[in-house]
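Asks: First the structure, then my questions, so here it is.
Residue numbers (our numbering): 188 to 347.
Dropping the structure here:
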């Protein structure tokens, strides 16, 4: 199961924010992302910088935001990256073939709070959609639960 949160989740839990990053730090640390001359610590930004970057990206045209969510970097988003990071890193994020190179992430310390309003969508494998727990989740989060066939991934999503 994957839970998609609204930005309010981060904003409401600012005191637990440890770092944000424009690149998948786990992938970088494990060697799946070939970003030369960078360590994970080079990519970590504080809450205020992370919020600023996400706010700038949120202000671009709808089409460009959608492309960003699909791990594609448009000219406007590329400009935002260049204004917030050095050109080498911005180029890497835009042009690297690995989509995890364009996976913005954040880390929170323990103690954060999740409430129902923070949940944007919940993605569940269709193999579990008839379970009692999933039916309860579907009832509680009406219209926000999507099922997918794990064999085909999120591309096979349906509103549940």
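Quick reminder that beta carbons are idealized off the backbone N, C-alpha and C, glycines included.
Would residue 286 be called buried (16 or more neighbouring beta carbons within 10 Å of its own) or exposed?
Replies: Result: exposed.
Asks: Rank 248, 294 and 249 by C-alpha distance to the C-alpha of residue 233 and give the top, closest one.
Replies: It is 294 whose Cα lies nearest to the Cα of residue 233.
Asks: Does DSSP put residue 247 in a helix, a strand or coil?
Replies: The answer is coil: DSSP assigns residue 247 none of H, G, I, E or B.
Asks: Can you give the Cα-Cα distance for residue 260 and residue 195, rounded to whole angstroms?
Replies: Answer to the nearest angstrom: the Cα atoms are 24 angstroms apart.
Asks: Measuring straight from C-alpha to C-alpha, what distance separates residue 358 and residue 267?
Replies: One cannot answer for residue 358 here, as it falls past the ends of the chain, which runs 188 to 347.
Asks: Taking the alpha-carbon of residue 240 as reference, which of 283, 188, 321 and 269 has the nearest alpha-carbon?
Replies: The shortest C-alpha separation from residue 240 is found at 269.
Asks: Kindly confirm or deny that the segment 200-219 and the segment 315-327 touch, where touching means at least three C-beta pairs closer than 8 angstroms.
Replies: Counting Cβ pairs under 8 angstroms, fewer than three are found: no touch.
Asks: Would the C-beta of residue 308 count as close to the ligand ZN, meaning under 7 angstroms from any of its heavy atoms?
Replies: Ligands in the displayed structure: none, and consequently the ligand ZN is not present.
Asks: Does the structure place the segment 303-323 close enough to the segment 331-341 that three or more beta carbon pairs sit under 8 angstroms?
Replies: Touching, yes, given that three or more Cβ pairs across the two stretches are closer than 8 angstroms.
Asks: In whole angstroms, what is the alpha-carbon distance linking residue 264 and residue 212?
Replies: Rounded to the nearest angstrom, the two C-alpha atoms are 20 angstroms apart.
Asks: With a CB to CB cut of under 6 angstroms and the five nearest residues on each side skipped, what residues in its chain are close to residue 281?
Replies: Excluding positions up to five away in sequence, the list reads 260 and 265.
Asks: What would DSSP say about residue 308, mapped onto helix, strand or coil?
Replies: Three-state DSSP puts residue 308 in a strand.
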